[in-house]
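**Student:**
There are 2 protein chains.
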Amino acid sequence: MRKMQNLSKNQQIIFDLIDKSPEPLKAYSILFNVQKRGIKAPLQVYRALDKLVEIGKIHKIESRNAFIACQNSSCQISKATAFSICESCEKVTEINNSNLSKYLTSFKDKNGMKYNKYNLEFFGLCKKCISKKS
Amino acid sequence: MRKMQNLSKNQQIIFDLIDKSPEPLKAYSILFNVQKRGIKAPLQVYRALDKLVEIGKIHKIESRNAFIACQNSSCQISKATAFSICESCEKVTEINNSNLSKYLTSFKDKNGMKYNKYNLEFFGLCKKCISKKS
DNA sequence: AGTTAAATTGTTATAATATAACATTTTGTA
DNA sequence: TACAAAATGTTATATTATAACAATTTAACT
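Going down the list, the protein sequences come from chains A and B.
Okay, so the first sequence: first residue is 1 according to the numbering used here, each after it adds one.
Okay, so the second sequence: first residue is 1 according to the numbering used here, each after it adds one.
1. Which whole-angstrom value is the C-beta distance of B:N10 and A:S84, which I expect to be below 8 Å?
2. Closest Cβ-Cβ distance between B:D109 and chain A: below 9 Å?
3. If contact means a Cβ-Cβ distance below 9 Å, which residues of the region 118-130 of chain A contact chain B?
4. Could you check where the alpha helix (DSSP H) with A:F15 kicks off and where it finishes?
5. For B:L104 and A:G56, I'd like the C-alpha separation in whole angstroms.
6. State the Cα-Cα distance for the pair A:R2 and B:K132, rounded to the nearest angstrom.
7. At a Cβ cut of 7 Å, what residues of the region 89-115 of chain B count as close to chain A, listed as they run along the chain?
8. Closer than 8 Å, Cβ to any Cβ of chain B: which residues of the region 46-67 of chain A, in chain order?
9. Going by DSSP, which residues form a beta bridge with A:S84?
10. A:L43: buried (16+ other C-beta within 10 angstroms of its C-beta) or exposed?
11. Do B:F122 and B:I58 have their C-beta atoms closer together than 9 Å?
12. Since B:S84 meets chain A, which of its residues come closer than 9 Å, beta carbon to beta carbon?
13. Alpha carbon to alpha carbon, how far is B:N116 from B:K127?
14. Rounded to whole angstroms, what's the CA-CA distance from A:R120 to B:C86? Just pull it up for me.
15. Looking at the secondary structure, which residues open and close the alpha helix (DSSP H) in which B:I30 lies?
16. Might you give, ordered along the chain, the residues of its own chain that have their beta carbon closer than 7 Å to the beta carbon of A:S88, omitting 5 neighbours on each side?
17. Can you grab the Cα-Cα spacing for the pair B:L7 / A:K51, in whole Å?
18. For B:K40, report the span of its alpha helix (DSSP H) as first-last.
19. According to DSSP, simplified to helix, strand and coil, what is B:N99?
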């Protein structure tokens, strides 16, 4: 069976919501927003989220328990993710920097472990929030 | 008031438990383990964990919702953390690699954001688990 | 078209993780 | 000794996530 490109109904509903959101969405906020579209239970949301993460359409921001759409059109599977997070306004942006990804993908520590995946979260203040404070 | 070096009673109890554990501990597992020592409520555990994270004695492994003692004696505040996580046995090790930390601490993306903190989690198979599979 | 296996969905209940709110006590030091 | 900050104790509740089971849909292959 050739890999389906299309999302299922629930997956599509939830992806659309996340994709048009300017900020990461949390699972129960998603649930609340899709109840009018017939998705009633947390598990329906979590199952769609799991699948979307697995196929790389969305990423989980671990430190926030929230989900954002993949910004990187070529990113089919999310084995190498990096984000910048503003600690003031909570804006999250996916970092797409080939120097960084090359460095981390080829990184080898002395423990002899072979890495096949990484997730990196940078924290700081975004431009807007820096200017607000000064 | 000069910064206290010593931990409070609850902080010490919880730090000792985490520090002697070979693996990351979860909050409710900690709670269960310290009940005999008089800590009865989740909030008592979370408050101690928050403080210990803040002062850099422990780190939170975000992808696992678990806590490990800082392996790096010089790490008083945890602004730059990196871990390797075995996806088979769940062993977690703090990575202490100056090349990596220099690279990431000085990393600047094109978005103009100033980072003051990062957390990096590598996933893969540890040596033991690689040999088990082959 | 009919068969089949995998994927998805629906549903109820419950587990696991984390914080709010408020009162009290301890600690370090001015 | 009085004050402010930090830590503690306690009850209740909010938030995040999964278990278990049944039914339906999908897509590849006869």
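Here a beta-carbon is modelled for each residue, glycine too, at the ideal position from N, C-alpha and C.
**Tutor:** Based on what the coordinates show:
1. Wrong, their Cβ atoms sit about 35 Å apart, outside the cutoff.
2. yes
3. Y118, N119, L120, E121, F122, F123, G124, L125, C126, K127, I130
4. 9-20
5. 24 Å
6. Because the pLDDT of A:R2 is 31, which lies under 50, any placement of that residue in the model is unreliable, and the question is left without a value.
7. T93, I95, N97, L100, Y103, F107, D109, N111, G112, M113, K114, Y115
8. E62, S63
9. A:T93, A:F122
10. exposed
11. no
12. D109, N111, M113, Y115
13. 33 Å
14. According to the sequence provided, residue 120 of chain A is Leu. The question's Arg does not apply to it. Distance between the alpha carbons of A:L120 and B:C86: 16 Å.
15. 27-34
16. L125, C129
17. 43 Å
18. Looking at the DSSP string, B:K40 is not in any alpha helix (DSSP H), and its letter there is neither H nor E.
19. helix
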